[in-house]
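The structure appears right after this line, and notes come after that.
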Amino acid sequence: MRNLIRQSGSFTPTVRLLMVNQFAINLAFYMLMPYLAAHLSGDLGLAAWTVGLVLGSRNLSQQGLFLIGGTIADRFGYKAPILAGCVLRTGGFALLGWVDTVPALIAASAVTGFAGALFNPAVRAYLAAEAGERRVDAFAMFNVYYQAGMLLGPLVGLALLAADFRLVCTVAAAIFAALSVLQARNLPARSGTDGADALRAGSGVWAQWRTVVGNRPFLLFSAAMIGSYVLTFQVYLALPLAADAALGADGTKATSALFVVSAAVAVAGQLRLTGWAKRRFTPHQALTAGLAAMGGAFLPLALIPGSSKAAVLAALVVAVAVLAAGSAVVYPFEMDTVVALSGNRLVATHYGLYNTVSGLGITLGNLACGALWDYAHTNDSTWLVWAALTGTGVGCAAAVGALARTGRLTCPLPQPAPA
């Protein structure tokens, strides 16, 4: 804790504000979202397909509109979309607790998703610009606050849920309302020069997008990193399925404990792991090492087919802990590499496209993983799932390593602005 406070104090007030904002954003989000499906199906009595539609509208609007959010941030400055996103989340979260018709619920869910698409690229671009040469350290610290919000959010939500789901939504909306006021008053206006220059010169959005899509090293890196997001998402898919299959009625409790372990490892270990990786590796070596560790996290599960419940639970805990540690190593260097590959031009738009690509990869990867799980579980060969996930991590590490060896992860030379 002292190290966290000391390192937080070493950054500018703006960076500290961005980190506190992210903690509060995740606190409010995760105190509500884990319990929304139960509210929709239980309290409102909606059919399962309707629940999926409401939840899917949030994911679709967020993942599909990240590029739009990044584009807006680069053209109009970072503060405006951050503030707009928090205001939209205020209204969206309030509606989720107080409306009961399907169209209104879908609209509220979509609004909360679009809010995330607005502030996520802008926050990361703002943090990168404000941190300067300390980007890696800033993103490591940022992830601590990010994970802390994820850790505490469900616990706060569970406590409020004892009273009423509407109270959960009201408190979450109030947090975003307070964030909106805080940022309106204290967050300095800042923008990326290229987007602002393009806006003043009358350049269209298509020209902005062509610049990003034409950045081949960035696109190759985005593709190489897709697997890492598929691996991270298995905390929500394959690992809970394994817990349910092995532990039966106790699987839900085990899954909740796994979430706590994942966030706790990130919160407690992020700064130490980042410092260790900086001392031992180059940035690209840290990426490959972290990705390989993320893949290796699933090996314990592949090596204990048919074992006791205690062995499965131990393997699940090890898998989640190693996956979280590997992700903690990867994250700050990954975010720094995106900025480096952008050449500090249109950074928010690059982040927006990067998030869109990773979101599409998560969707396709989960479909493949789910299908493989059904096949493997039916044929009593679940080791295939864990072997495939391990191979995914190794493949990502190899791809990033190949890009580094061929010089495609180095910062491109600045391009001259059009006359």
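Oh and the sequence shown: position 326 is 323 in this note's numbering, straight run, nothing missing. C-beta atoms are modelled at their ideal positions from N, C-alpha and C, and glycine is treated no differently.
Between Phe162 and Arg86 the beta-carbon gap is near 17 Å, outside 8 Å, which marks them as no contact. Ranked by how close their Cα comes to the Cα of Gly88, the residues Gln60, Thr9 and Ala171 have Ala171 in first place. Counting only unbroken stretches of 4 or more residues, the alpha helix (DSSP H) elements lying wholly within the segment 223 to 254 are 223 to 230 and 235 to 244, in sequence order.
With three or more CB-CB distances shorter than 8 Å, the segment 336 to 347 counts as touching the segment 115 to 128.
Look at Ala294 here: in three-state DSSP terms it is coil, with no helix or strand label. Residue burial is scored here from C-beta neighbours: Trp383 has at least 16 other C-beta atoms within 10 angstroms and is therefore classed as buried. Secondary structure note for Ala159: it is in no alpha helix (DSSP H), with a DSSP letter that is neither H nor E. In the assembly as shown, Arg132 is a buried residue. Its beta-carbon has 16 or more other beta-carbons within 10 Å. Residue environment analysis places Ile2 among the exposed positions, since fewer than 16 neighbouring C-beta atoms fall within 10 angstroms of its C-beta. Between Met291 and Gly323, the C-beta spacing is below 8 Å. Between the alpha carbons of Leu152 and Met28 lies a distance of about 7 Å. Taking 8 Å as the cut-off, the beta carbon of Ala283 is found no closer than this to the beta carbon of Leu176.
If you check the CB distance, Cys366 and Ala235 come in under 8 Å. DSSP, read as helix, strand or coil, puts Thr403 in coil. When the Cα atoms are used, Phe136 and His36 turn out to be separated by approximately 35 Å. Each residue's CA atom was taken as its position, placing Ala368 and Glu331 some 29 Å apart. In summary, Leu361 is exposed, with fewer than 16 beta-carbon neighbours lying within 10 Å of its beta-carbon over all protein chains present.
Going by DSSP, Asp97 is part of no alpha helix (DSSP H) at all; its letter is neither H nor E. Scanning its chain for C-beta atoms nearer than 7 Å, with the 5 sequence neighbours on each side dropped, one finds around Leu238 the residues Trp370, in chain order. Taking all protein chains in view, the Cβ of Pro10 is surrounded by fewer than 16 other Cβ atoms within 10 Å, so the residue is classified as exposed.
Closest by C-alpha distance to Tyr143, out of Lys306, Asn376, Leu24 and Arg405, is Leu24.
Here Gly392 carries a helix assignment [DSSP, helix/strand/coil]. With distances taken between CA atoms, Ala126 lies nearest to Gly74 out of Gly74, Tyr226 and Leu298. The beta carbons of Ile223 and Val354 sit about 7 Å from each other, so the pair counts as a contact at 8 Å. The DSSP-derived three-state label of Asn18 is helix.
Counting only runs of 4 or more residues that sit fully inside the segment 48 to 132, the alpha helix (DSSP H) segments are 76 to 95 and 99 to 128, in chain order.
Non-local beta-carbon contacts of Ala145 in its own chain, meaning distances under 7 Å to residues more than five positions away in sequence, involve Phe20 and Val264 in chain order. In chain order, Gly189, Gly192, Leu343, Ala345 and Thr346 place their CB closer than 6 Å to the CB of Asp71, counting only its own chain and leaving out the 5 sequence neighbours on each side. In the displayed model, Ala186 falls within coil according to three-state DSSP, outside both helix and strand. Residue Gly150 holds the alpha-carbon nearest to the alpha-carbon of Ala260 among Gly150, Val12, Thr379 and Ala220. The Cβ atoms of Ile359 and Phe230 sit closer than 8 Å to each other.
When the beta-carbon positions are compared, Ser58 and Ala128 stay at least 8 Å from each other.
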